[in-house]
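Asks: According to the UniProt record's numbering, the sequence shown is numbered sequentially starting from 1. Using N, Cα and C, we set each Cβ at its ideal position, and we do this for glycine too. Sharing a structure, written as structure tokens. Questions coming.
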Amino acid sequence: MPDIPVGAQIFDLAFHPSHSTVYAGLLTGQVSAFRYDEQGQHDLSFSVRPSKRSIRGLTLNQDGSHLWAAGKTKAMFTIDTSTGTLLETRKDAHEAPINRMKHLMPHLLASGDDDGVVKLWDPRKPDALRAYNHHFDFISDFLWLGDKKHLVVTSGDGTLSVIDIRGKKIEPFAQSEDQEDELLSIVAIKGGSKIVVGTQLGILSVFNRSHGWADCVDRVPGHPQSIDALCSLPSSYPSSHSTILTGSSDGLLRAVQLFPTKLLGVVADHGAWPIERIAVDQGGEGRWVGSVGHEDILKMTDLKDVFEDEDGDEEKATDDENESVAQDEDDGKDGGGGAENEDEGEVETIHSSDAVPEDAQKSDKDSSGDEGEGEDSDVPKEKKRKRKPEKNPLAGKKKKGRNQIDADPSFFSGL
1 MPDIPVGAQI FDLAFHPSHS TVYAGLLTGQ VSAFRYDEQG QHDLSFSVRP
51 SKRSIRGLTL NQDGSHLWAA GKTKAMFTID TSTGTLLETR KDAHEAPINR
101 MKHLMPHLLA SGDDDGVVKL WDPRKPDALR AYNHHFDFIS DFLWLGDKKH
151 LVVTSGDGTL SVIDIRGKKI EPFAQSEDQE DELLSIVAIK GGSKIVVGTQ
201 LGILSVFNRS HGWADCVDRV PGHPQSIDAL CSLPSSYPSS HSTILTGSSD
251 GLLRAVQLFP TKLLGVVADH GAWPIERIAV DQGGEGRWVG SVGHEDILKM
301 TDLKDVFEDE DGDEEKATDD ENESVAQDED DGKDGGGGAE NEDEGEVETI
351 HSSDAVPEDA QKSDKDSSGD EGEGEDSDVP KEKKRKRKPE KNPLAGKKKK
401 GRNQIDADPS FFSGL
């Protein structure tokens, strides 16, 4: 899709959850809406200017009927997305410019400002429900964990906090230690069990929810500059549970796989302009990813062009795996599970009723003799292939003593 020119720097973007419309908050105080289609065509739906100063944060409700905007003027605005009209203005919603907004539940919003204050709002009420001031620097991003009703907050003060919106306390449920770096963006992976945070130094910090929020459990370097934006892939892609999109100050939108760490490729290039925000349409499950930076264009990239071979590779890998399993089964029937299975560390059961060639039986005896089994009985019985004992790389080689001998345990039975 061709770039969408908007005429001013874009601070934030948001996609309508059900139809192809993208909203942009501009430096000029305007909120512009653009319609687009699968062929890459786009046109302006509406443009409204609720403020004379920059719009920094946007968020939509669940059905996309209302858009909330906030920014430099410390006020919050409610816009009707069907008509493009301004419905409500909340003046002095914060004492500092508002940097981020997040819709959490049908009647609950979160906002964060440059002083580190987080407020929870019910759009039906004029005043904030609660205000949290445990951060002392700007609020950079929000992540909503619906299973626990937790709002995860990242801040420029170097800490991450968790707010339980069900409680009435004005203290966080948990707060991390100082990470000694500005935390700029956040996204969940592995079904929400792990949380990835982008930092000013270009490191991805990974938090494990089962290990608590005190400190990260892993750090993934690699980005040359700050990671200002993070976004998850649509769940339709096989690697979505461990692959994220990263927007960096070097102007590159990357697809990065974690565990194991691998750069899958560059999704979009903004040149010398830093990337501030990224989002995927259709509620995060769509085809297009939008990215914005310091230039006056909104870049739309088709994810299918980037990950078009992923489904084919997945199917090919599955076919190869099935073919390998079938081949192993055939080999097991022909040779009764020879030395190849021992090398792979598999446990295979051979019944005495099965027809086993003499060579295979001889091989079995030899291999069992090498492992020191000492089986002398001729009675047919069920035999099992055992795993070879794993070597401990930290253990030294044990030397045999001068007077040490190897004796059969039955030697001592009559003593």
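#1: Excluding the 5 residues flanking residue 94 on each side, which residues of the same chain have their C-beta closer than 6 Å to its C-beta?
#2: Could you tell me whether the segment 54-65 touches the segment 7-24, using the rule of 3 or more Cβ pairs below 8 Å?
#3: How is residue 119 classed by DSSP in three states: helix, strand or coil?
#4: Would you report the Cα separation of residue 254 and residue 248, rounded to the nearest angstrom?
#5: Assign residue 210 to one of three DSSP states: helix, strand, or coil.
#6: Give me the Cα-Cα distance between residue 132 and residue 121, rounded to the nearest whole angstrom.
#7: Among the residues of its own chain, which have a CB less than 7 Å from the CB of residue 35, if the five just before and after it don't count?
#8: Quick check on this structure: which residue in 185, 152, 128, 258 has the alpha carbon closest to the alpha carbon of residue 173?
#9: If you draw a straight line from the alpha carbon of residue 244 to that of residue 77, how long is it in whole angstroms?
#10: Can you tell me which of 195, 54, 59 puts its alpha carbon nearest to the alpha carbon of residue 109?
#11: What is the rounded straight-line gap between the Cα of residue 26 and the Cα of residue 150?
#12: With burial defined as no fewer than 16 other Cβ atoms inside 10 Å of the residue's Cβ, what is the status of residue 202: buried or exposed?
#13: Please report the straight-line C-alpha distance between residue 2 and residue 143, rounded to a whole angstrom.
#14: Contact criterion: CB-CB distance below 8 Å. Does residue 233 meet it with respect to chain C?
#15: Please list, in chain order, all residues of the same chain as residue 277 whose beta carbon is under 6 Å from its beta carbon, the five residues on each side excluded.
#16: What distance in whole Å lies between the Cβ atoms of residue 234 and residue 198, which are believed to be in contact at a cut-off of 8 Å?
#17: The beta strand (DSSP E) spanning residue 269 covers which residue range?
#18: Sort 241, 156, 164 by Cα distance to residue 191 and report the nearest one.
#19: Let me know if residue 251 comes out buried or exposed under the rule of 16 or more other beta-carbons within 10 Å of its beta-carbon.
#20: Does the segment 154-161 come within contact of the segment 217-224, defined as at least 3 CB pairs closer than 8 Å?
#21: At which residues does the beta strand (DSSP E) containing residue 48 begin and terminate?
#22: Go ahead and pull the three-state DSSP assignment for residue 191.
#23: On the criterion of 16 or more Cβ atoms from any shown chain inside 10 Å, does residue 246 qualify as buried, or is it exposed?
#24: May I ask you to report which of helix, strand or coil DSSP gives residue 306?
#25: Rounded to a whole number of angstroms, what is the C-alpha to C-alpha distance between residue 166 and residue 208?
#26: Could you give the first and the last residue of the continuous beta strand (DSSP E) run that contains residue 219?
#27: Identify whether residue 148 lies in helix, strand or coil by the three-state DSSP scheme.
#28: Identify whether residue 101 lies in helix, strand or coil by the three-state DSSP scheme.
#29: Do you know how far the Cα of residue 239 is from the Cα of residue 315?
#30: Assuming the contact rule is C-beta atoms closer than 8 Å, residue 6 and residue 269 should be a hit. Round their C-beta distance to whole Å, please.
#31: Identify whether residue 96 lies in helix, strand or coil by the three-state DSSP scheme.
#32: What number of angstroms, rounded off, separates the C-alpha of residue 29 from the C-alpha of residue 47?
Replies: A quick look at the data gives this:
#1: 74, 113
#2: yes
#3: strand
#4: 8 Å
#5: helix
#6: 12 Å
#7: 20, 21, 42, 43, 45
#8: 152
#9: 31 Å
#10: 59
#11: 30 Å
#12: buried
#13: 30 Å
#14: Of the protein chains in this structure there is only one, and it is not chain C.
#15: 12, 13, 229, 292
#16: So it is not a contact: roughly 20 Å between Cβ atoms.
#17: 262-269
#18: 241
#19: buried
#20: no
#21: 42-48
#22: helix
#23: buried
#24: helix
#25: 22 Å
#26: 218-220
#27: coil
#28: strand
#29: Reliability fails at residue 315, whose pLDDT of 46 lies under 50, so the model's placement of it is uncertain and the value that follows must be treated cautiously. Cα to Cα, the separation comes out at about 13 Å.
#30: Residue 6 to residue 269, Cβ: 19 Å. No contact.
#31: coil
#32: 10 Å
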